[in-house]
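If you want the numbering used here, it's the 1-based position in the sequence shown plus 528.
Cβ atoms here follow ideal geometry from the backbone N, Cα and C, with glycine treated the same way.
Comments concern the structure below.
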Amino acid sequence: MIAFKWLSRGAIAPFTGFRWPVDGSWVSAPHSGPEGSGVHACRVEHLAWWVGEELWRVELDGPILEREMQIEAPRARLLDQVTAWDPAAFVQACVGRTEGFAAETPTTELADYVALIKTVDAPTAAFVASVAAVAARGTKQAFAEERAWQARWLSRALDLF
C-alpha cells in the first residue's frame, strides 16, 4: 500500500529520532513491541494532523491497522520525497482561513489567532487555524472539519490524488 509519512529534515522521524534510509531499504517495526509500535503513516485525509518538515511517499507492507488519524504496518520503505511540499504556502493558506474566520466572527480571540498564525511554522499554523475554526463556529467538530479542509488543500496543492 502506498501512503505518506511526515519526517523532520534529513528523513528523521520526529518522535523517535530514527533516521530513515532514503535508498528504498525496508524498515521493520519491532515484532515484540506493544500495540501501536508499528510503522506509522498517513492516508491523504490524515496529512493535516501530522504536518512536518518533509513529506515522503512510503510503501507499507503487511497487515494495515487503521487508526483514527493514521495507519500502521509492520514494515515500510521510503519511495520518494514529495518535493512540491511548500510549508510557506501551507502557512499562507492557514492564515487565509483564519482571517476568514475572524472576518465572519470578529472577536478579540480571533484577532489574536490572526496575529499569532502569521508568526508560526506549518505544523503550528495547522493547529492554530483549527482552534480558530472552533472559536468562530462554536463547535468542537469545527476542529476536525478544519483539518479535513487542510488535508484537501494539501492533496490539491501537492497533486496527491
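{"Query": "Under DSSP, the beta strand (DSSP E) around residue 606 begins and ends at which residues?", "Result": "603 to 609"}
{"Query": "How about residue 609 and residue 570: do their beta carbons lie closer than 7 Å?", "Result": "no"}
{"Query": "Comparing alpha-carbon positions, which option in 529, 678, 560 and 549 lies nearest residue 624?", "Result": "678"}
{"Query": "Between which residues of its own chain and residue 553 is the CB-CB distance below 8 Å, once the five residues before and five after are set aside?", "Result": "605"}
{"Query": "Please report the residue range of the alpha helix (DSSP H) in which residue 674 lies.", "Result": "669 to 685"}
{"Query": "Which partner residues of residue 555 appear in the DSSP bridge assignment?", "Result": "604"}
{"Query": "Do residue 638 and residue 660 have their CB atoms nearer than 7 Å?", "Result": "yes"}
{"Query": "Considering only C-alpha positions, which residue in the set 616, 658, 652 and 560 is nearest to residue 630?", "Result": "658"}
{"Query": "Near residue 593, which residues of its chain fall below 6 Å by C-beta distance, leaving aside the five closest residues on each side in sequence?", "Result": "600"}
{"Query": "To which residues of the same chain is residue 618 closer than 6 Å at the C-beta, ignoring the five residues directly before and after it?", "Result": "650"}
{"Query": "Which of helix, strand or coil does DSSP assign to residue 592?", "Result": "coil"}
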